[in-house]
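Reviewing the structure listed below.
In our numbering, the protein residues as written are 20 to 468.
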């Protein structure tokens, strides 16, 4: 593993992070609005959609591992990751447009179309491109601090993009023809797709790979084994999973809470802004905080913030002020967890090499992504089955009392459980403290050989 001693310039770190404008423009469209689009715009049954999502996540999990292995073991003159961004960013954007072009046909035809387009985007193209961009940081530098700063900038642009899109997506759809118009949704998606493509292209031209993986395993099973036996990878995985579950509550499930329980979807933009803007601010100061605190300490603090916020949200009066105030505090917590998740996965690479003798990079990132995406899909599917069982009807003018009560409880107690799990898990995540010794011993082994 050659050592890259050259310090990265701020511009390259920022441009790398800006790639998440392209990725999160597509991801936010998909995670926030696709379930709502299926149930409330084209009036698909929530249980049928949930079944499609659940089955699709099996393919999604396999594709993440395959994508990570391909990136690790294949290289062109531009490197491992940059060629993927160059070739597949535009097809990814086209595929998300197809997700929203469900034909007006029989239920069977619509379900088949949803299954194919859902997987084309989420299981194939988005997986491949996002995996390449996420792994790119580990191929640009193997300096832990530099890599962490790159991933923090990535989080900054992810949070900023999600906030902006949550604020302007529905108004843009209204301008394009109204929320009940399928064509209006497609037009709005094309606008964001064009913006996103621009930032992906910036990464292709202004970010350079400098680090080579020492002998990446050709057998995918070897890479998976390296993840399975890596205890710190499992802990970092739980941080990533928990942060992404909170994200799904904020982006996807919140629209149902605001629409059904509060009867005001106009609050969505402000709610998501409150949920995400703390993360944006934290991304600005996190490089400085990393000099004073460990990633473990910051995730623990963030998890306690989420716990307190959710307890207040549950027991305080249900007012708009409480909704936004607790969203801000929960956003602080999620910002720490989400911002450190990728950097923690990066730290587990060295421990994995120390333990197994094999250094895998993209496979560890991809294996974590498998869990996060499967967790997101399972949560979305569970919510779909839950509201379907309660009798949710997207075409109805008003929902039953059981539906209102059920969505209210799901939105309140789900994040509370996630916060508790994060606190317990992160308490034992001390890889950052032990990594210098692991790196030293790895170097000694190589010198001896």
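Glycine included, each C-beta is placed from N, C-alpha and C at the ideal position.
{"Query": "Straight-line gap, residue 180 to residue 456 (C-alpha atoms, nearest Å)", "Result": "38 Å"}
{"Query": "Identified DSSP bridge partners for residue 95", "Result": "98"}
{"Query": "Pair within 7 Å by beta-carbon distance, residue 469 and residue 333", "Result": "The question about residue 469 has no answer here: the residues shown for the chain are numbered 20 through 468."}
{"Query": "C-alpha distance - residue 417 paired with residue 275, whole-angstrom precision", "Result": "12 Å"}
{"Query": "For residue 508, the nearest candidate out of 132, 253, 166 and 64 (CA to CA)", "Result": "Nothing can be reported for residue 508: it is not among the residues displayed for the chain, which extend from 20 to 468."}
{"Query": "3 or more residues per run - each beta strand (DSSP E) lying fully within the region 66-141", "Result": "none"}
{"Query": "Residues near residue 52 in its chain [Cβ-Cβ closer than 7 Å; skip 5 each side]", "Result": "188"}
{"Query": "Burial state of residue 269, where buried means 16 or more other Cβ atoms lie within 10 Å", "Result": "buried"}
{"Query": "Simplified DSSP state of residue 228, which is helix, strand or coil", "Result": "coil"}
{"Query": "Per-residue burial, residue 464 [other beta carbons within 10 Å of its own, 16 or more giving buried]", "Result": "exposed"}
{"Query": "Sub-7 Å separation of residue 395 and residue 208 beta-carbons", "Result": "no"}
{"Query": "Where residue 336 sits in the DSSP three-state scheme", "Result": "coil"}
{"Query": "Straight-line gap, residue 378 to residue 421 (C-alpha atoms, nearest Å)", "Result": "52 Å"}
{"Query": "Local Cβ density within 10 Å of residue 248, reported as buried at 16 or more and exposed below that", "Result": "exposed"}
{"Query": "Option in 285, 28 and 36 with minimal Cα separation from residue 339", "Result": "285"}
{"Query": "Own chain partners of residue 219 with C-beta closer than 7 Å, once the 5 adjacent residues on each side are dropped", "Result": "38, 41, 104 and 108"}
{"Query": "Residue from 355, 398, 197 and 57 whose Cα sits closest to the Cα of residue 298", "Result": "355"}
{"Query": "Start and end residues, alpha helix (DSSP H) containing residue 429", "Result": "420-445"}
{"Query": "Where residue 37 sits in the DSSP three-state scheme", "Result": "helix"}
{"Query": "Contact check, residue 408 vs residue 72, beta carbons under 7 Å", "Result": "no"}
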